[in-house]
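Those letters in the sequence shown? Residues 1 to 282, per our numbering, in order.
No residue lacks a Cβ here, since even glycine has one placed at the ideal position from N, Cα and C.
Just so it is clear, the structure is predicted and the values come from calculations on it, not from any experiment.
In what follows, a structure is listed as structure tokens, so that the remarks can point back to it.
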Amino acid sequence: MKKKQIVVAVAVVAIMGYLYSLPVKGLIKPEATRGNAKAATAPALKPNANINEASVSALAKPNIDATIAREISALEAKLKTAGEADKITLQRQIAKAWDSVTQPAPAAFYYLDIAHKSNAMADWVDAGNRFNTAYKLSSDTSAQGTFVANAVEAFDHATKLQPASLEAKTGLGVAYVNGGAMPMQGIALLLEVVKQDPKNHDALLNLGMFAMKSGQYEKAVDRFKTLIAQKEEIEPYFYLAESYKQLGKKQEAIAAYEKCKDLMGDPVAGQRIDEYIKELKK
1 MKKKQIVVAV AVVAIMGYLY SLPVKGLIKP EATRGNAKAA TAPALKPNAN
51 INEASVSALA KPNIDATIAR EISALEAKLK TAGEADKITL QRQIAKAWDS
101 VTQPAPAAFY YLDIAHKSNA MADWVDAGNR FNTAYKLSSD TSAQGTFVAN
151 AVEAFDHATK LQPASLEAKT GLGVAYVNGG AMPMQGIALL LEVVKQDPKN
201 HDALLNLGMF AMKSGQYEKA VDRFKTLIAQ KEEIEPYFYL AESYKQLGKK
251 QEAIAAYEKC KDLMGDPVAG QRIDEYIKEL KK
């Protein structure tokens with residue numbers, strides 16, 4: 001699966017999770033709570049030693065194509081007996097196999113192992129990006145703590161190798177906010193990225209999502225509209241619709257939901273979005 005396809009697949013999975021995590025009714029916030037600049041205070045996530053390469057791989061295998069699962073198991077068996085010279089090659093093959101079925105958590109651990117051996121910028125970034133994505137797709141807080149800690153480690157190494165890298169700064173900023181220990185430091189990094197590159201996709205998307213979480217829906221709308229002006233994509237449209245809904249701008253929310261549904265092309269997600277639209281039309 002190509003990188004672009006992986007990004008689209010992750011966006012669809014993330015939105016599907018969001019759609020089914022909240023009720024259709026009662027999502028428009030009262031006027032008194034709109035525009036609240038205070039971010040919700042969440043306890044810092046802690047790593048869990050039980051979340052590792054083996055555990056996440058075991059959880060993921062039943063959810064992927066059986067043929068690919070067997071291929072991964074065969075590569076894992078080879079890895080156990082491989083000499084040091086062959087291990088990185090096998091680990092890359094396994095990581096790419098997990099990427100091909102949109103399973104960022106096991107891929108992340110393999111990329112992290114590779115990065116520890118190679119200390120290459122690209123490997124640290126690959127590991128960090130996969131861990132941030134794994135966090136985004138997981139609802140298990142015990143696993144999220146491990147994903148965040150590993151993302152911070154990976155992007156910390158990356159920023160030391162290339163301090164000017166906007167991708168590494170963005171990834172580190174996202175991980176800091178996700179972890180809850182240093183959210184303002186994370187936001188500052190993302191704002192620094194946007195100052196250097198006002199159209200930076202990942203920084204804008206995450207700033208918009210973090211603005212939503214803190215009730216700053218007008219700011220979120222601005223971020224998502226900037227992204228959509230560059231390219232029409234699923235996630236910005238969906239979160240734009242959510243932001244409009246929370247602001248009570250029903251017609252704008254309906255239009256954004258409709259566009260998101262068209263871009264997704266998923267009948268199951270489309271039905272759920274139709275429920276949201278139907279509720280807004282009442």
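Straight-line gap, residue i to residue j (C-alpha atoms, nearest Å)
| i | j | result |
| --- | --- | --- |
| residue 255 | residue 276 | 12 Å |
| residue 178 | residue 187 | 10 Å |
| residue 192 | residue 82 | 44 Å |
| residue 274 | residue 147 | 33 Å |
| residue 66 | residue 44 | 37 Å |
| residue 165 | residue 15 | 28 Å |
| residue 135 | residue 58 | 17 Å |
| residue 55 | residue 226 | 39 Å |
| residue 216 | residue 119 | 39 Å |
| residue 185 | residue 78 | 42 Å |
| residue 283 | residue 231 | No statement about residue 283 is possible, as the shown extent of the chain runs from 1 to 282 and does not include it. |
| residue 48 | residue 182 | 19 Å |
| residue 167 | residue 246 | 30 Å |
| residue 133 | residue 53 | 16 Å |
| residue 163 | residue 198 | 19 Å |
| residue 137 | residue 222 | 25 Å |
Burial state of residue i (16 or more Cβ within 10 Å)
| i | result |
| --- | --- |
| residue 200 | buried |
| residue 236 | buried |
| residue 70 | exposed |
| residue 102 | buried |
| residue 141 | exposed |
| residue 267 | exposed |
| residue 33 | Interpretation of residue 33 is limited by its pLDDT of 45, a score under 50 that renders its predicted location unreliable; the figure taken from the coordinates is listed afterwards. With fewer than 16 other Cβ atoms within 10 Å, it is exposed. |
| residue 301 | The structure shown does not extend to residue 301, since the chain is modelled only from 1 through 282, so no value can be given for it. |
| residue 85 | exposed |
| residue 271 | exposed |
| residue 99 | buried |
| residue 80 | exposed |
| residue 278 | exposed |
| residue 196 | exposed |
Cβ distance (whole Å) where residue i is taken to contact residue j below 8 Å
| i | j | result |
| --- | --- | --- |
| residue 95 | residue 128 | Actually they are not in contact, since the Cβ atoms of residue 95 and residue 128 sit about 13 Å apart, beyond 8 Å. |
| residue 244 | residue 252 | 4 Å |
CB contact check: residue i to chain D, cutoff 7 Å
| i | result |
| --- | --- |
| residue 222 | Among the chains in the structure shown there is no chain D, since it carries only a single protein chain. |
Contact set for residue i: own chain, Cβ-Cβ below 7 Å, skip 5 residues either direction
| i | result |
| --- | --- |
| residue 130 | 104, 107, 108 and 111 |
| residue 40 | Summary for residue 40: the model assigns pLDDT 46, below 50, so the residue's position carries little reliability; its value from the coordinates is reported in the next sentence. Closer than 7 Å at Cβ, skipping near neighbours: 213 and 214. |
| residue 117 | 88 |
| residue 202 | 170 |
| residue 26 | Note on residue 26: pLDDT 47, under 50, position unreliable in the model; no value is reported. |
Beta-carbon contacts of residue i that lie in its chain and below 6 Å, excluding the five residues immediately before and after
| i | result |
| --- | --- |
| residue 114 | 88, 91 and 123 |
| residue 265 | none |
| residue 149 | 47 |
| residue 161 | 121 |
| residue 259 | 237 |
Other residues of its chain near residue i: CB distance less than 8 Å, five sequence neighbours each side excluded
| i | result |
| --- | --- |
| residue 281 | 250 and 254 |
| residue 75 | 90, 93, 94 and 97 |
| residue 206 | 170, 173, 174, 177 and 190 |
| residue 73 | 61 |
| residue 156 | 172 |
| residue 68 | 97, 100 and 101 |
| residue 261 | 269, 270, 273 and 274 |
Sub-7 Å separation of residue i and residue j beta-carbons
| i | j | result |
| --- | --- | --- |
| residue 257 | residue 269 | no |
| residue 229 | residue 220 | no |
| residue 248 | residue 224 | no |
| residue 263 | residue 234 | yes |
| residue 143 | residue 51 | yes |
| residue 158 | residue 194 | no |
| residue 145 | residue 46 | yes |
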